[in-house]
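Below is one structure; the comments refer to it alone.
Protein chains: 2
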Amino acid sequence: MRNIALIIVDFQNGFDEVDYWGGNRNNPKAEENTRILLDVWRERKFPLFHIRHDSVNIKSKLAPGQWGNEIKEIVKPLPGEIVISKTVNSAFIGTDLKQRLDEQKIKSVVVVGLQTDHCVSTTARMAGNFGYDTIVVSDATATFDRVGVDGIKIPSSVIHMVNLSSLNGEFATVLTTEELLQKIEIETYA
Amino acid sequence: MRNIALIIVDFQNGFDEVDYWGGNRNNPKAEENTRILLDVWRERKFPLFHIRHDSVNIKSKLAPGQWGNEIKEIVKPLPGEIVISKTVNSAFIGTDLKQRLDEQKIKSVVVVGLQTDHCVSTTARMAGNFGYDTIVVSDATATFDRVGVDGIKIPSSVIHMVNLSSLNGEFATVLTTEELLQKIEIETYA
Chain S
1 MRNIALIIVD FQNGFDEVDY WGGNRNNPKA EENTRILLDV WRERKFPLFH
51 IRHDSVNIKS KLAPGQWGNE IKEIVKPLPG EIVISKTVNS AFIGTDLKQR
101 LDEQKIKSVV VVGLQTDHCV STTARMAGNF GYDTIVVSDA TATFDRVGVD
151 GIKIPSSVIH MVNLSSLNGE FATVLTTEEL LQKIEIETYA
Chain X
1001 MRNIALIIVD FQNGFDEVDY WGGNRNNPKA EENTRILLDV WRERKFPLFH
1051 IRHDSVNIKS KLAPGQWGNE IKEIVKPLPG EIVISKTVNS AFIGTDLKQR
1101 LDEQKIKSVV VVGLQTDHCV STTARMAGNF GYDTIVVSDA TATFDRVGVD
1151 GIKIPSSVIH MVNLSSLNGE FATVLTTEEL LQKIEIETYA
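Quick note, the sequences are listed as chains S and X, same order. In terms of our numbering, the first sequence has 136 at position 136, counting the first letter as 1, and numbering is strictly consecutive. Just add 1000 to wherever you are in the second sequence, counting from 1, and you've got our numbering.
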């Protein structure tokens, strides 16, 4: 299990402006669950990649140079940890993430972060399609209400569940934090 | 509008085995609508890319060398039209699609095909993230029922609507066939 990378996507202060992103965020404990994983990864010295969205839109809540761009305190990178800047949803486009994974001969990745159906889904899809054994942690990611293409609002919980279900078994395996921790225990001491 | 490419993803016979893919396919007219677009694209000599999934799993309904792998008669490529083979969901991974688009200085793409939440969504996400102005045609794509991560079946219509809503405004603009045809008329004769 040593070579399973944790990829933490876009847990940035700007997402606390909930209404801006659609309102009604689900999974309020996503950051706490990610911190639990982060502590395990740090303790075991597993590979770890913090991804930060550096929006090229200067009006964005995630534009560099402001509070909203900073990674949230609870999952803040420690000095020396790798932080990869991206400007689109996928952590693999316009970055050296794939090169870094391959240089370290990493075959398995865990994707967590914001938002389930945007950056997390896109990063997990590309990871799966590149051939990495990919896990998405259902309670360490979250999203917001969306206006449907028919103009009717779709609750965040539905967006979350449906998007994870479209990933599961096709691009990734969807696990809870607890299920992932159990898997790591078992495989470490097997 | 001359440089808007139509990318037709995976309309292959193997998908007619509906139960194998989850059952209860929505949008039965997706192929007919695609044919309407295909006729317009052919008539106007707009760029056109047929994508075929050549599964590396020899037991797959889409594995090469069998009926299921062939592109459906209604949208079958004509001699001389470009057919790109892929082995994963994204039409951009392991293919030269991006290189071909860029060589032709194509800035806009229309994505149709199967399945809404798998190959169509992944291809549209990457197109949007690569910077192409991307349109997904809601009634020229379709999906099947899925078993949710909680074990409860999710109807294809919900999978379809939610996945399109997660794309819309973030990665792509979601239009109907009729809306797209109107847009092409207006921009061609503007």
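We put the beta carbon where it would ideally sit given N, CA and C, even for glycine.
is_contact[residue i, chain S] using C-beta, thresh 7 Å
{"i": "Glu-1178(X)", "result": "no"}
{"i": "Leu-1164(X)", "result": "yes"}
{"i": "Ile-1154(X)", "result": "yes"}
{"i": "Val-1174(X)", "result": "yes"}
{"i": "Ile-1093(X)", "result": "yes"}
{"i": "Arg-1146(X)", "result": "yes"}
Helix, strand or coil at residue i [DSSP, three-state]
{"i": "Thr-1152(X)", "result": "Here residue 1152(X) is Ile; the residue named in the question, Thr, does not match the sequence. Ile-1152(X) falls in the coil class under three-state DSSP."}
{"i": "Gly-1128(X)", "result": "helix"}
{"i": "Gln-1104(X)", "result": "coil"}
{"i": "Ile-1159(X)", "result": "helix"}
{"i": "Leu-78(S)", "result": "coil"}
{"i": "Thr-1173(X)", "result": "strand"}
{"i": "Gly-22(S)", "result": "coil"}
{"i": "Gly-1094(X)", "result": "coil"}
{"i": "Gln-1099(X)", "result": "helix"}
Close Cβ partners of residue i (< 7 Å) along its chain, the five nearest in sequence each way excluded
{"i": "Lys-1098(X)", "result": "Phe-1092 and Phe-1130"}
{"i": "Glu-81(S)", "result": "Leu-48 and His-50"}
{"i": "Val-1075(X)", "result": "Ile-1008, Phe-1011, Glu-1031, Thr-1034, Arg-1035 and Leu-1038"}
{"i": "Tyr-1020(X)", "result": "Lys-1061"}
Interface flag, residue i vs chain X, CB-CB below 7 Å
{"i": "Val-149(S)", "result": "yes"}
{"i": "Val-88(S)", "result": "yes"}
{"i": "Asn-27(S)", "result": "no"}
{"i": "Arg-44(S)", "result": "no"}
{"i": "Asp-117(S)", "result": "yes"}
{"i": "Ile-106(S)", "result": "no"}
{"i": "Ile-51(S)", "result": "no"}
{"i": "Glu-170(S)", "result": "yes"}
Host beta strand (DSSP E) of residue i (start-end)
{"i": "Asp-133(S)", "result": "133-142"}
{"i": "Arg-44(S)", "result": "Taken as a continuous stretch (DSSP letters only), Arg-44(S) belongs to no beta strand (DSSP E), being part of the alpha helix (DSSP H) at 30-44."}
{"i": "Ala-186(S)", "result": "The question names Ala, but residue 186(S) is Ile in the sequence shown. Taken as a continuous stretch (DSSP letters only), Ile-186(S) belongs to no beta strand (DSSP E), being part of the alpha helix (DSSP H) at 177-188."}
{"i": "Ala-5(S)", "result": "4-9"}
{"i": "Ile-1191(X)", "result": "Summary: the structure shown does not reach residue 1191(X), with chain X confined to residues 1001 through 1190, and so no result is reported for it."}
{"i": "Leu-48(S)", "result": "48-53"}
Close-in-space but distant-in-sequence residues of the same chain around residue i (CB under 6 Å, 5 per side omitted)
{"i": "Thr-1122(X)", "result": "Asn-1089 and Ser-1090"}
{"i": "Asn-1026(X)", "result": "Ala-1142, Ser-1156, Ser-1157 and His-1160"}
{"i": "Ser-1055(X)", "result": "Leu-1062 and Ala-1063"}
{"i": "Leu-1164(X)", "result": "Ser-1138 and Val-1174"}
{"i": "Gly-151(S)", "result": "none"}
{"i": "Ser-1108(X)", "result": "Ile-1004 and Asp-1133"}
{"i": "Asp-1117(X)", "result": "Thr-1143, Ile-1159 and Asn-1163"}
{"i": "Lys-1045(X)", "result": "none"}
Selection from the options that minimises the alpha carbon distance to residue i
{"i": "Phe-1011(X)", "options": "Thr-1143(X), His-1160(X) and Ile-1159(X)", "result": "Thr-1143(X)"}
{"i": "Glu-1031(X)", "options": "Lys-1072(X), Val-1110(X) and Glu-1178(X)", "result": "Lys-1072(X)"}
{"i": "Thr-1095(X)", "options": "Glu-1043(X), Phe-1049(X), Arg-1035(X) and Leu-1164(X)", "result": "Phe-1049(X)"}
{"i": "Leu-167(S)", "options": "Asn-1024(X), Leu-1175(X), Asn-1033(X) and Gly-1148(X)", "result": "Gly-1148(X)"}
{"i": "Leu-6(S)", "options": "Ile-152(S), Lys-153(S) and Arg-100(S)", "result": "Arg-100(S)"}
{"i": "Leu-181(S)", "options": "Val-136(S), His-53(S) and Met-126(S)", "result": "Val-136(S)"}
{"i": "Val-111(S)", "options": "Thr-173(S), Val-18(S) and Glu-17(S)", "result": "Thr-173(S)"}
{"i": "Gln-1104(X)", "options": "Ala-1124(X), Gly-1128(X) and Tyr-1132(X)", "result": "Tyr-1132(X)"}
{"i": "Glu-1170(X)", "options": "Ala-1127(X), Asp-1150(X) and Pro-1028(X)", "result": "Ala-1127(X)"}
{"i": "Trp-41(S)", "options": "Arg-125(S), Lys-59(S), Leu-78(S) and Gly-65(S)", "result": "Leu-78(S)"}
Own chain partners of residue i with C-beta closer than 8 Å, once the 5 adjacent residues on each side are dropped
{"i": "Leu-114(S)", "result": "Val-9, Asp-10, Phe-11, Gln-12, Phe-15, Ala-30, Val-120, Thr-141, Ala-142 and Thr-143"}
{"i": "Leu-175(S)", "result": "Ile-135, Val-136, Val-137, Ser-138 and Lys-183"}
{"i": "Arg-1052(X)", "result": "Asp-1010, Gln-1012, Asn-1069, Ile-1071, Val-1083, Ile-1084, Ser-1085 and Lys-1086"}
{"i": "Asp-1145(X)", "result": "Gly-1022, Gly-1023, Asn-1024, Lys-1153, Ile-1154, Pro-1155, Ser-1156 and Ile-1159"}
{"i": "Val-1018(X)", "result": "Asn-1024, Arg-1025 and Phe-1144"}
Query - Contacting positions in the region 1123-1136 of chain X - beta carbon closer than 9 Å to chain B - result: Protein chains S and X are contained in the structure displayed, whereas chain B is not.
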